[in-house]
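These notes concern the structure reproduced below.
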Amino acid sequence: MKNIKLKYGIGLVLALTLVFTGCQDDDASFGDIKSPTDVTLSADVICEDCNDPEGDGSGLVNLVATSSGALAYKFDFGDGFSETNQSGRVTHRFTKVDVNTYTVVVNAVGTGGVQSSTSINVTVRSDFEDPEAKDFLSGGAGSSKTWYWAADKPSNIALGSNVKNVPNPGDHTFPTYFNSDPFHPDKLCMYDAELVFTQDADGNLTFQQTVGQAYIPGTVAGSIGVDGDTCHGKDIVPSLGETSNVALIPSSSVATEDAKDPEYRGTTILLSDDGFMSWYCKNSLFEIITITDSKLYVRVVDGVDPGLAWYCTFQTQNPNESGGFEDLVWSDEFDVDGAPNAANWTYDLGSGGWGNGELQTYTNNAENVIVENGVLKITAKADGSGGYTSARIKTEGLQEYKYGKIEARAKLPASQGTWPAVWMLGANFADVGWPNCGEIDIMEQTGQDKTKTSGALHFPGNSGGDAIVEETTVANTATEFHVYTVEWTAESIKMSVDGDFFFSYDNNEQLPYNADFFMILNVAMGGSLGGTVDPNFTEDTMEIDYIRVYQ
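Going left to right, the sequence shown walks through residues -25 to -1, 1 to 526 as mature numbering (1 follows the signal peptide of the UniProt record, and there is no 0) numbers them.
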């Protein structure tokens, strides 16, 4: 490397001005208030294997400030970025493409906060650019784009090693320590974040988190004296919500060259002024692994424990919003008293455990199933001889749908041993059987814990005890109605309660979820999820206000 040292008129056009400014806090107790003196600033433009005074195209410049009496140095690089340190030495990368001149200002800070400053003009060449990434981030010149956590996808936040080949060869290039679930329970507070990149007409890029708090992982929390693995506001992280300038620079992490699947892009997002992308780990460098028009996958080294690297996945689809299901194609509002509408519902009848060791006998009797006062009531009853009756109704052969948003507004039974469910089976069930037909459990509740509900998928290889299951806490399930929903597309199956998503699974053509399904409503007794029935049980009811299908 050949460094061309440029100082006070040598090699570069250098404009030096020495300005002394003072500000004194009346309450400061720093002893004598003294302005730093003899402030100097020099620049070395890095030119590896070359003699060009404008540098080698990396944009890198070594800057050295000295003075008498300075406690710290504040550098303003003239490109929207700044840095403060005690050494007075810094290497800065200027990123505007081509040869450009910047006025660099340094403020030497003395006791009591008084400052003395000087400036220097630095001319340097930068060759690196990634216009595609810039446009992907922002939507193009003169545009803004909002990014969200890919909360509905697995591994939306993940953790791995930042030590080469530790613990195993290649492990520093992908997350091996932790991978989140969709809507990970202890990350829910961060999933409302909205991250906005804006590109002006001149191609300048800025970033701002406009909604949401800062998530501070446990690795960092101790260093700032707050609780970890939770969200905090601007009182803890002052840069939250502020606008940062953005530079795209060449990646240089330990993972960049070694990564194979996927290969890293080689571009890093640098945010000014302690900027961060929702995940606050004291580092403003977010290395792009992959980026498309709708997905951003980045890696950021932990600023407190540099042996760790976090992996963050963002997307342009808000995971907390409906997937565009606007047309109501079918519903039953249960507004006509009597038996369920025969155009919509038929019955499963009988006993035999139903494959789950259930205790009830299903009937079509009014005491077990009736529409009354605007709701469907499915009532499980003790029969007086040690058994139980209940009802299970279904839309098989009557109302069957492929894809859509299916929602049921329901109030659930409170009794121990009751197992209410709102669920779906593939319409080819009679031909291929279960689990080949596929099963979607929109809502199930165990007989032993009435504070939670769950959603599940059963299909070949993942059925019964090996099903894909997620549960969520729901307050007052027996005394208040809640809306239980599945949003089902060719790409994904997501479930929510009252609009709060807690389950997501990627759909694909190998799964059975690309054909018509019918709906089922029932209350079972005992069995694999009902468990032990309260010995004093007499009866309890699931009420359904409506069930609706949107496409």
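Glycine included, every Cβ here is placed at the ideal spot set by N, Cα and C.
*Check whether the stretch 197 to 205 touches the stretch 173 to 187, counting contact only when three or more Cβ pairs, one atom from each stretch, lie closer than 8 Å.*
no
_Residues bridged to Pro395 [DSSP beta-bridge criterion]_ = Val498
*What is the DSSP secondary structure of Leu271, reduced to helix, strand or coil?*
strand
*From the DSSP output, which residues share a beta bridge with Gln335?*
Tyr363
*asked:* Assuming the contact rule is C-beta atoms closer than 8 Å, Tyr166 and Ala133 should be a hit. Round their C-beta distance to whole Å, please.
replied: The pair is not a contact, with the Cβ atoms about 15 Å apart (cut-off 8 Å).
_Please state whether the Cβ-Cβ distance between Pro129 and Ser101 is less than 8 Å._
no
*Drop a sphere of 10 angstroms on the beta-carbon of Asp2, count the other beta-carbons inside from all chains shown, and report buried for 16 or more, exposed for fewer.*
Here the model assigns Asp2 a pLDDT of 40, short of 50, so the residue's position is not dependable and the matter cannot be decided.
*May I ask you to report which of helix, strand or coil DSSP gives Trp329?*
helix
*For Asp110: DSSP bridge partner residues*: DSSP lists no partner for Asp110.
*Could you give the uninterrupted runs of the beta strand (DSSP E) lying entirely in the stretch 230 to 287, keeping only those of 3 residues or more?*
242 to 246, 260 to 266 and 270 to 276
*Should Gly505 be labelled buried (16 or more other beta-carbon atoms within 10 Å of its own) or exposed?*
buried
*In its own chain, which residues sit with a C-beta less than 8 Å from the C-beta of Gly117, not counting the 5 before and 5 after it?*
Gln174, Asp175 and Ala176
*With DSSP run on the structure shown, which of helix, strand or coil describes Phe477?*
strand
*Is Gly401 near Ile417, with beta carbons less than 8 Å apart?*
no
*Continuous beta strand (DSSP E) stretch holding Asp13: start and end*: Thr12 to Cys22
*Mind checking whether Val36 and Val99 have CB atoms under 8 Å apart?*
Val99 sits close to Val36, with the two beta carbons spaced by under 8 Å.
*Can you say whether Pro157 is buried or exposed, counting buried as having 16 or more other CB atoms within 10 angstroms of its CB?*
buried
*residue 565 burial status per 10 Å Cβ neighbour count (16 or more: buried)*: Outside the modelled stretch of the chain, which goes from -25 to 526, sits residue 565, for which no answer is possible.
_Residue range of the unbroken beta strand (DSSP E) whose run includes Ser306_ = Leu303 to Asp307
*When the distance is taken between beta carbons, is Ala230 closer than 8 Å to Thr148?*
yes
*asked:* Does Asp515 come out as helix, strand or coil in the three-state DSSP assignment?
replied: strand
*Reducing DSSP to helix, strand and coil, say where Asp406 ends up.*
helix
_Val8 - DSSP class collapsed to helix/strand/coil_ = In the sequence on display, residue 8 carries Ile and not Val. Here Ile8 sits in coil by DSSP.
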